[in-house]
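K.L.:
Just passing along the structure, written as structure tokens.
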Amino acid sequence: MSSLVAYDDSDSETETEKTEVPNTSSRQTNHPSSSVNRVQYFAPGSLGTKSLYGMQSTEIADSSGRSTVCEDPPEPYTRNNNTDLTSPYCRRAYSGHTALCMSYKNYEQTSSSSTNSENGVSQKRLHADSPAAIKGIRPYIPKRLRQEISSMPEKKESDQRDSSDCDVKLGISGEQALRKISELIKPYLGSKYKLTEVPKSLIFYMSKHSGPVNEIQWCPVREQSHMLLSASMDKTVKVWDAVDTGCCLKTYSCHSCAVRAAWWSSCGRRILSGGFDSMLHLTDVETGKQIFSSKNEFRISVLKFHPTESNIFICGGFSPEVKAWDIRTSKVLRVYKAAVQQTLDILFLPEGKEFLTSTDAVSRDSADRTIIAWDFQSAAKISNQIFHERYTCPSLTLHPKDSVFVAQTNGNYMALFSAQRPYRINKKKRYEGHKVEGYAVGCEFSPDGTLLVTGSSDGKVFFYNYHTARIIRTLSAHKEACVSAIFHPVLPSLLATCDWAGEIKVWQ
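Numbering (full-length UniProt numbering), first residue to last: 1 to 508.
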């Protein structure tokens with residue numbers, strides 16, 4: 001700041017509230033309308049559904065149990081000879097904005113006890129560390145100084161990030177929620193996955209993304225599978241606690257354009273992301289530091305880690321090429337070239353020796369390029385005569401037990417193929433009834449392989465019986481196009497969905 005000015009009859013603590021970054025260790029500021037709706041709480045086993053769960057919004061509670069949501073009110077001061085606590089406290093916007101006033105006396109009654117206990121700093125400490133006060137004028141105390149007094153040492157270090165780090169914003173639960181093992185998941189860790197049932201009730205509704213959500217994925221580490229990853233067109237990647245609280249744990253703003261794809265590493269401690277800024281970032285989940293970062297030659301629309309080699313991944317996008325990268329050397333290992341304009345999805349087959357790519361080829365002779373099988377080591381084409389219908393396939397998914405895979409098509413149906421050469425299509429089974437209509441609608445099998453779930457352009461979620469290809473149930477999940485629906489890897493019948501409006505929902 002260029003100058004420090006103290007105003008009489010005004011609280012100087014609010015002058016920089018709108019420009020300072022809020023401290024995550026002190027109390028948080030929430031608006032009355034929460035991004036996580038109050039819905040039913042998930043419980044494992046026969047416990048079914050517990051009482052209603054509401055987002056743990058930060059409120060200031062008095063002794064009678066009443067709560068008040070305040071918009072970043074100032075810390076209360078001690079009484080002095082020239083302070084009239086019965087007069088209203090006003091926040092004056094000297095640039096022409098309207099003045100927002102509240103009763104300081106009422107605020108002191110509701111917030112003085114909680115402020116002192118949470119910050120752990122007495123009122124005398126604030127005045128002892130501040131400049132000498134002129135009689136009759138309340139001295140200005142910079143908010144950064146107040147934060148340094150009340151924050152823990154590790155929080156200070158987190159504010160001094162390297163220039164190569166992502167812009168990381170901690171959520172309500174903080175870093176401890178990233179390393180915890182959910183009490184709801186613990187009973188299932190030592191047992192096999194039970195039979196999947198169709199979800200019926202809404203658990204969480206999360207809407208902090210300001211743009212369409214392109215992809216969601218549960219953490220692959222069973223002990224940490226309470227975390228849900230989401231990539232959005234609003235240039236951010238978010239990690240959610242989608243089992244216990246429904247809160248956003250962290251937000252990563254590494255990209256300058258829409259994030260089209262994001263993927264967990266096998267260890268669950270890193271996130272690989274790619275977007276329309278042609279950038280590739282491998283980010284540490286806890287610290288937000290970029291372990292790997294590289295500029296690609298084309299806009300990225302899909303990327304996948306190798307199933308057995310954790311340091312290798314493949315990315316594709318708006319280019320005829322698909323590239324395999326090595327994180328350890330930050331170099332391209334192999335380039336797979338095809339006569340196409342864009343790669344829509346990539347699917348590794350078991351053991352990772354072969355993989356499939358779906359493309360945007362829709363010309364008259366596109367039957368030889370819609371789905372291509374590649375040899376990973378030699379970069380040679382194994383087959384390009386897999387799908388003979390003139391529909392693009394926005395997504396591919398592998399069955400968890402059988403040697404088959406499913407391709408989502410823009411013909412409003414899903415086709416079943418063998419995962420063994422020559423990758424023949426099963427003409428007796430066709431999963432149809434949902435709508436794609438040009439959206440990148442994903443599909444996935446349940447962990448036990450009995451159900452096939454897919455989103456739909458009309459916002460619904462369709463559940464198909466894998467063996468009979470019949471529709472078991474339809475769930476009206478979203479108002480906009482539902483582009484992804486994925487089952488939880490540990491908890492039976494827990495499903496996460498996302499849509500083109502930026503909403504994420506969890507069902508049980």
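The C-beta atom is built at its ideal place from N, Cα and C for all residues, glycine as well. It should be emphasised that the depicted structure is a prediction, and the values quoted were computed from it without experimental measurement.
Around the C-beta of D402, are 16 or more other C-beta atoms found within 10 angstroms, so that it is buried, or is it exposed?
P.N.:
By the neighbour-count rule (16 or more Cβ atoms within 10 Å), D402 is not buried but exposed.
K.L.:
Would DSSP call L178 helix, strand or coil?
P.N.:
DSSP places L178 in helix when its eight states are reduced to three.
K.L.:
Please state the DSSP three-state secondary structure of Q420.
P.N.:
Of the three classes helix, strand and coil, the one that applies to Q420 here is coil, per DSSP.
K.L.:
Alpha helix (DSSP H) containing Y188: first to last residue?
P.N.:
Note, Y188: alpha helix (DSSP H), K186 to L189.
K.L.:
What is the residue span of the beta strand (DSSP E) that R430 lies within?
P.N.:
Note, R430: beta strand (DSSP E), I425 to E432.
K.L.:
For my contact list, M233 and L249 are in at a C-beta cut-off of 8 Å; report their separation, rounded to the angstrom.
P.N.:
21 Å between Cβ atoms; not a contact.
K.L.:
Just the C-alpha distance for Q341 and F276, rounded to the nearest angstrom, thanks.
P.N.:
Each residue's alpha carbon lies about 15 Å from the other.
K.L.:
Check whether the segment 477-495 touches the segment 412-430, counting contact only when three or more Cβ pairs, one atom from each stretch, lie closer than 8 Å.
P.N.:
Flag = no, the segment 477-495 and the segment 412-430 do not touch.
K.L.:
Report buried or exposed for G438, applying the criterion of at least 16 other Cβ atoms within 10 angstroms of its Cβ.
P.N.:
Classification for G438: exposed.
K.L.:
Among H434, T308 and V237, which one has its Cα closest to the Cα of Y208?
P.N.:
The amino acid occupying residue 208 in the given sequence is Lys; Tyr does not appear at that position. It is V237 whose Cα lies nearest to the Cα of K208.
K.L.:
Counting C-beta neighbours from all protein chains within 10 Å, is the total for N426 16 or more, i.e. buried, or is it exposed?
P.N.:
With fewer than 16 other Cβ atoms within 10 Å, it is exposed.
K.L.:
Is it true that the CB of S225 sits closer than 8 Å to the CB of P489?
P.N.:
In contact: P489 and S225 (Cβ atoms closer than 8 Å).
K.L.:
Alpha carbon to alpha carbon, how far is P220 from L494? Give it in angstroms, no decimals.
P.N.:
When rounded, the distance between both Cα atoms is 15 Å.
K.L.:
Compare the C-alpha of C482 against each of P492, D458 and C254 and name the closest.
P.N.:
Nearest option by C-alpha distance: D458.
K.L.:
For the candidate residues F387, K435 and K186, whose alpha-carbon lies nearest to that of L416?
P.N.:
Of the listed residues, the one whose Cα sits closest to L416 is F387.
K.L.:
In chain order, what residues of the same chain have a beta carbon less than 8 Å from the beta carbon of G470, not counting five sequence neighbours either side?
P.N.:
The question names Gly, but residue 470 in the sequence shown is Arg. Result list for R470: Y464, in chain order.
K.L.:
Can you tell which of G449, N296, G268 and L280 has the C-alpha that lies nearest to the C-alpha of Q290?
P.N.:
The candidate whose alpha carbon is nearest that of Q290 is L280.
K.L.:
Does the distance from the CB of S358 to the CB of A419 come in under 8 Å?
P.N.:
No, the pair does not count as a contact, with Cβ atoms beyond the cut-off.
K.L.:
What whole-angstrom Cβ distance do D345 and L396 have, given they're in contact under 8 Å?
P.N.:
The Cβ separation is near 5 Å, so the contact holds.
K.L.:
Could you tell me whether the Cβ atoms of I382 and R334 are closer together than 8 Å?
P.N.:
No.
K.L.:
Assuming contact is defined by CB atoms lying nearer than 8 Å, are S273 and V285 in contact in what I supplied?
P.N.:
Not a contact, by the Cβ cut-off of 8 Å.
K.L.:
Per DSSP, E444 is paired with what?
P.N.:
Its beta-bridge partners are V453.
K.L.:
So, helix, strand or coil for G352, using DSSP?
P.N.:
Of the three classes helix, strand and coil, the one that applies to G352 here is helix, per DSSP.
K.L.:
So M206 is in the beta strand (DSSP E); what residue range does that whole segment cover?
P.N.:
It spans L202 to M206 - the beta strand (DSSP E) in which M206 sits, taken as one unbroken run.
K.L.:
For the candidate residues D244, K200, K235 and L195, whose alpha-carbon lies nearest to that of E183?
P.N.:
Residue D244 is the option with its Cα nearest to E183.
K.L.:
Taking only three categories from DSSP, how would you classify Q217?
P.N.:
In this structure, Q217 counts as strand in the three-state DSSP scheme.
K.L.:
So what's E503 in DSSP terms, helix, strand or just coil?
P.N.:
Here E503 sits in coil by DSSP.
K.L.:
Quick one: what does DSSP say E223 is sitting in, helix, strand or coil?
P.N.:
Correct three-state label for E223: helix.
K.L.:
Let me know if T251 comes out buried or exposed under the rule of 16 or more other beta-carbons within 10 Å of its beta-carbon.
P.N.:
When all chains shown are included, T251 counts as buried.
K.L.:
What residue range is occupied by the uninterrupted beta strand (DSSP E) comprising Y252?
P.N.:
C247 to Y252 is the span of the beta strand (DSSP E), which, as asked, contains Y252.
K.L.:
I want to see whether chain B comes within less than 8 Å of I216, judged by CB atoms only; does it?
P.N.:
No chain B appears in this structure, which consists of one protein chain only.
K.L.:
How big is the Cα-Cα spacing for I472 and V239?
P.N.:
C-alpha separation (whole angstroms): 31 Å.
K.L.:
Closest to V198 by CA distance: which of W500, V453 and G502 is it?
P.N.:
Closest option to V198, Cα to Cα, is V453.
K.L.:
Kindly list the residues whose CB is nearer than 7 Å to the CB of Y423, restricted to its own chain and excluding five residues on each side of it in sequence; keep chain order.
P.N.:
Taken in chain order, the residues that qualify are A373, S383, I386 and F417.
K.L.:
Expressed to the nearest angstrom, what Euclidean distance is found between the alpha-carbon atoms of S378 and F355?
P.N.:
Distance between the alpha carbons of S378 and F355 is about 12 Å.
K.L.:
Determine whether the beta carbon atoms of S319 and F298 lie at a separation below 8 Å.
P.N.:
Yes; because the gap between Cβ atoms is below 8 Å, this pair is in contact.
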